[in-house]
Amino acid sequence: MTEQTLAASPLPLADVISANVRILRRRKRWTQEQAGQEWETVTGRAVSAQTWYALERPGGRAWTADDIEAAAYLFDVEPVALLVPLDTCTQCDDQPPAGFICAACGVEGPRKA
Ligand SMILES: [Zn+2]
0 MTEQTLAASP LPLADVISAN VRILRRRKRW TQEQAGQEWE TVTGRAVSAQ TWYALERPGG
60 RAWTADDIEA AAYLFDVEPV ALLVPLDTCT QCDDQPPAGF ICAACGVEGP RKA
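Under numbering that gives the first Met the number 0, the first residue of the sequence shown carries the number 0, and numbering increases by one thereafter.
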């Protein structure tokens with residue numbers, strides 16, 4: 000993401016949260032299924048992999064204050080950190096090549112087939 004798109008920040012707030020949740024999940028190296036299980040551990044409410052997939056998409060979830068609090072707890076960040084666009088990794092742009100783990104952010108690339 001360039002400086003310019005960050006400054007403009009045209010995204011609706013819910014989409015910013017969804018995008019941040021995707022980045023933070025990948026930094027934890029959780030699959031969407033694992034993230035859903037962790038969510039259940041925190042909230043007692045199960046989230047399927049399909050639901051998690053949707054909530055990372057623009058327009059995929061109407062984030063409630065409860066959701067934001069749970070996600071912040073889950074990813075070890077302050078709730079307010081979810082409300083502003085996270086910088087993507089300057090080393091790998093959050094997309095390391097297949098078979099590699101970024102040394103800077105810890106995101107794992109797609110597994111080699
Ligand atoms: Zn990285």
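From the three backbone atoms N, C-alpha and C, an ideal C-beta is built for every residue, glycine too. A quick note: this is a predicted structure, and the numbers were derived from the prediction, not measured.
Taking one beta carbon from each stretch, the stretch 10-26 and the stretch 53-60 have 3 or more pairs nearer than 8 Å; the two touch. In the three-state reduction of the DSSP assignment, E32 falls in the helix class.
A residue is listed when its beta-carbon falls short of 7 Å from at least one non-hydrogen atom of ligand 1; in chain order these are C88, Q90, C91, D93, P95, C101, A103, C104 and V106. Beta-bridge pairing by DSSP links E107 to I100. Taking L23 as the centre and dropping the five residues before and after it, the same chain places the C-beta of F74 closer than 6 Å to its C-beta, in chain order.
In this structure, the alpha-carbon of V83 lies about 13 Å from that of A71. For D65, the closest alpha carbon among the candidates Y52, A53 and L81 is that of L81. Using a Cβ distance threshold of 7 Å, R25 and V106 count as a contacting pair.
Here the C-alpha atom of Q36 lies approximately 26 Å from the C-alpha atom of A102. Sixteen is the threshold: since fewer than 16 other Cβ atoms of the shown chains lie within 10 Å of the Cβ of P96, the residue is exposed.
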